[in-house]
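Each remark here refers to the structure printed beneath this line.
Residue numbers (UniProt numbering): 1 to 315.
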């Protein structure tokens, strides 16, 4: 089942290559158009968050894989270290698979085959997830920039209210910030919709396989609770599966949170101090941002933490 999941993620990556390339190009073009120092600072902040997530997720996933291999690898290592001891240790394979040859005779070549063949599959799974996480962080940065531009409009509206700036001059500045915010907001929504089109069906398949793996892992964990060595192997794998679920649904929750903040910022931008045409722009944006952006799995599951809690309870 694990190999099926890795193979599916590899196939999905190949199929979605052209669509994902479009997303990356669009994001790169958007970032290249940014010239404001404060906006660039916001972008760098979210990219730094994405970088930290990549490091933590990668280290954790590879650590669980190493823990899974500790018991099978420890037997030959102990045999090599303590050659003088007349002890016969049980040779354990990482997974039960039929090679069609003598497992005892070719134990070490088969063990090396699994180790060096298994890590590339882990890389496929991890890289697929990291690509999704990084794209989501870029989208979160887009919505954060929209909120920042709205805050600049709010600052101008406050200056008008406090008579720091004349109404006509202040309204022109606020109108300029509102237009920029609306344009970026439309881009952000379009990018999220494109991502939804890319990952909509693949996440259904991935979540279904992960549920099967999680269920199987819990079953093995229960049946082998009297075998500490097996608990050491399968315990981290179950935790890794839950972490994978959490990262997936948490990424969807970030899209919801940041797209929802746009509506809140529209509502609180003191639009009543602006002209009719500026108020009309605010109304347009409020109407569009009232329905927050979401990512789904086949339109069946909304990727949000509430759904993660329900899925975890069912497991």
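Glycine residues also receive a C-beta, built at the ideal position from the N, C-alpha and C atoms.
Cα-Cα, which of the options is closest to residue i?
i: residue 299; options: 215, 204, 232 and 212; result: 204
i: residue 288; options: 32, 152 and 190; result: 190
i: residue 235; options: 179, 130, 66 and 270; result: 66
i: residue 60; options: 280, 258, 271 and 247; result: 247
i: residue 152; options: 162, 176 and 132; result: 176
i: residue 170; options: 182, 157 and 181; result: 157
i: residue 146; options: 180, 282, 69 and 24; result: 180
i: residue 118; options: 165, 68 and 43; result: 68
i: residue 215; options: 242, 283, 199 and 16; result: 242
i: residue 134; options: 202, 28 and 39; result: 28
i: residue 200; options: 252, 110 and 274; result: 252
i: residue 188; options: 23, 15, 74 and 282; result: 23
i: residue 163; options: 306, 13, 12 and 273; result: 273
i: residue 295; options: 6, 250, 130 and 285; result: 250
i: residue 125; options: 276, 260, 5 and 307; result: 5
i: residue 54; options: 74, 127, 306 and 73; result: 127
i: residue 310; options: 240, 211, 148 and 271; result: 211
Look up residue i in the DSSP assignment and say whether it is helix, strand or coil.
i: residue 301; result: strand
i: residue 296; result: strand
i: residue 197; result: helix
i: residue 319; result: Residue 319 lies beyond the range of the chain shown here (1 to 315); nothing can be said about it.
i: residue 309; result: helix
i: residue 12; result: helix
i: residue 53; result: helix
i: residue 224; result: coil
i: residue 278; result: helix
i: residue 58; result: helix
i: residue 268; result: coil
i: residue 257; result: helix
If you draw a straight line from the C-alpha of residue i to the C-alpha of residue j, how long is it?
i: residue 238; j: residue 186; result: 40 Å
i: residue 316; j: residue 213; result: This structure cannot speak to residue 316, because the chain is shown only from 1 to 315.
i: residue 174; j: residue 197; result: 34 Å
i: residue 107; j: residue 121; result: 21 Å
i: residue 209; j: residue 58; result: 20 Å
i: residue 195; j: residue 20; result: 8 Å
i: residue 70; j: residue 245; result: 25 Å
i: residue 280; j: residue 303; result: 33 Å
i: residue 64; j: residue 192; result: 32 Å
i: residue 220; j: residue 30; result: 48 Å
i: residue 42; j: residue 258; result: 13 Å
i: residue 319; j: residue 227; result: Because the chain in this structure spans residues 1 to 315, residue 319 falls outside the shown range and cannot be described.
i: residue 56; j: residue 207; result: 21 Å
i: residue 297; j: residue 26; result: 23 Å
i: residue 172; j: residue 260; result: 26 Å
i: residue 168; j: residue 184; result: 25 Å
i: residue 39; j: residue 267; result: 22 Å
Between which two residues does the alpha helix (DSSP H) carrying residue i extend?
i: residue 114; result: 107-161
i: residue 272; result: No alpha helix (DSSP H) holds residue 272; DSSP gives it neither H nor E.
i: residue 21; result: 17-32
i: residue 291; result: First-last for residue 291: undefined, no H or E at that position.
Verify the CB distance criterion: does residue i have a CB-CB separation below 8 Å to chain B?
i: residue 231; result: The displayed structure is made up of one protein chain only, and chain B is not part of it.
Validate contact between the region 112-132 and the region 30-41 using beta carbons, cut 8 Å, 3 pairs
no
Just checking, does the region 45-60 make contact with the region 129-138 on the three C-beta pairs under 8 Å criterion?
yes
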